[in-house]
Every structure is written in structure tokens, then in C-alpha cells.
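First residue of the sequence shown: 252, per the working numbering; consecutive thereafter.
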Amino acid sequence: MNPRFKDKDLDRLETDPDFDADYSESIVRAFRKRMQQIRSAVDERDFYALKSLHFEKLQGNRSHQYSMRLNDQWRLILEFEGEGQNKVVLVAAIEDYH
Numbered sequence: 252m253n254p255r256f257k258d259k260d261l262d263r264l265e266t267d268p269d270f271d272a273d274y275s276e277s278i279v280r281a282f283r284k285r286m287q288q289i290r291s292a293v294d295e296r297d298f299y300a301l302k303s304l305h306f307e308k309l310q311g312n313r314s315h316q317y318s319m320r321l322n323d324q325w326r327l328i329l330e331f332e333g334e335g336q337n338k339v340v341l342v343a344a345i346e347d348y349h
């Protein structure tokens, strides 16, 4: 899937090895690993298949978003745009769910 970023810091976090956006090293490492998984996925069904990601659709006023686990406390928030092969994942945020 082709990711886009809602926040320029998230884009930079993936590509700049010296940038940590004030996240711990373990969160940055987990984020970069998830971005590799996102780029290699055909569609969101690949995320559901990997149970360790705990990929889930959010509810309520966030029903247009999905979360993916970075660790026990932190989640990567995603949105999807488009249909079929033109579907793009929008990386929206890294959030503390603790």
C-alpha cells in the first residue's frame, strides 16, 4: 500500500535516522517496522491476518479510523482513502492509549 502522512513529522520519522519526534527509541523502531509492513501490504486484510498488530476499526466519532499496535501502550492511527488498487493509507498519528 502507498502511505501518505497527515503530519510531516511522521513522514520524517520514517526516513530521517536522526529524528525521533520526541518518541522513545523503541516507539520509533516499532513505527518504522510498521511502515515496512504497511508498504508491503496489498490491502488492510493483510493487517487483520497479522494478529500481533491488533489491527482494529475505531468506534464513535473515530469510526473512519483504525489503530495498529506499536507496543502495549502506543498505537499507530490510520485512515484509508480510495477503493481497490487505488486505496491509500493515511498515517494520521501515534497515540498513547495508556
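Glycine included, each C-beta is placed from N, C-alpha and C at the ideal position.
| Item | Value |
| --- | --- |
| Distance, Cα to Cα, E307 vs S318? | 6 Å |
| Can you tell which of A281, H349 and L329 has its C-alpha closest to the C-alpha of N253? | L329 |
| Could you tell me the distance, in whole angstroms, from the CA atom of T266 to the CA atom of V339? | 19 Å |
| Any idea which residues DSSP pairs R296 with across the strands? | Paired residues: none, contrary to the question. |
| For R326 versus R320, is the C-beta spacing smaller than 9 Å? | yes |
| If you measure between the beta carbons of S291 and D297, is that distance less than 9 Å? | yes |
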